[in-house]
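Here is the structure we will look at.
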Amino acid sequence: MKVFWRVLQVVLAVFMIYAGIQHFIKPLFYIPFVPGFLPFKMSIIYFSGVLEIIFGFFLLIPKYAKLASTGILVLLLLFLPIHIWDVFSEAPAMVSHQAALIRLPVQLLFIGWAFKVRQFVTT
């Protein structure tokens with residue numbers, strides 16, 4: 688079981704690094720996800736991308752894995768209201784209501800995944 692969770696830890700790290708890089712490659716994709724009342728949308732997108740990359744790399748370093756997994760969990764929880772809002776929005780950032788309805792449970796799965804990885808790295 689230890690190998691299984693280690694593999695999931697590495698996969699989560701790679702996913703976070705990839706997702707973070709996407710914030711720099713396709714930043715305009717993320718604009719609709721930033722709430723309208725927040726200023727400096729591009730700065731928020733770049734900053735969240737930097738955090739995702741840093742947390743992803745640190746998740747691979749045993750000494751920092753607990754801190755990184757906590758950071759990933761917090762980020763995913765911070766993003767959750769965006770996905771909930773998207774489900775009820777007239778113009779979802781996910782392009783369609785079906786996509787938003789799929790993305791919300793996927794976000795919950797990511798949160799559970801990060802939570803379990805955090806438990807694994809703290810044992």
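Once you know that position 19 of the sequence shown is 706 in my numbering, the rest is easy, because the numbers rise by one and skip nothing.
C-beta: ideal position from N, C-alpha, C; glycine also.
A quick note: this is a predicted structure, and the numbers were derived from the prediction, not measured.
When the Cα atoms are used, Leu746 and Ser756 turn out to be separated by approximately 6 angstroms.
Contact check for Trp692 and Phe807: beta-carbon distance about 4 angstroms, within the 8 angstroms limit, so the pair qualifies. Here DSSP, grouped into helix, strand and coil, assigns Thr809 to coil. By the neighbour-count definition (other C-beta atoms within 10 Å, threshold 16), Pro779 is a buried residue. The Cβ neighbour count for Glu739, taken over all protein chains shown within 10 Å, is at least 16; the residue is labelled buried.
Per the Cβ contact rule, the region 779 to 793 is in contact with the region 756 to 771 (3 or more Cβ pairs under 8 angstroms). Within the region 721 to 783, complete alpha helix (DSSP H) segments of at least 4 residues are found at 728 to 746 and 752 to 775, given in chain order.
In this chain, the alpha helix (DSSP H) harbouring Met703 covers Lys689 to Ile712.
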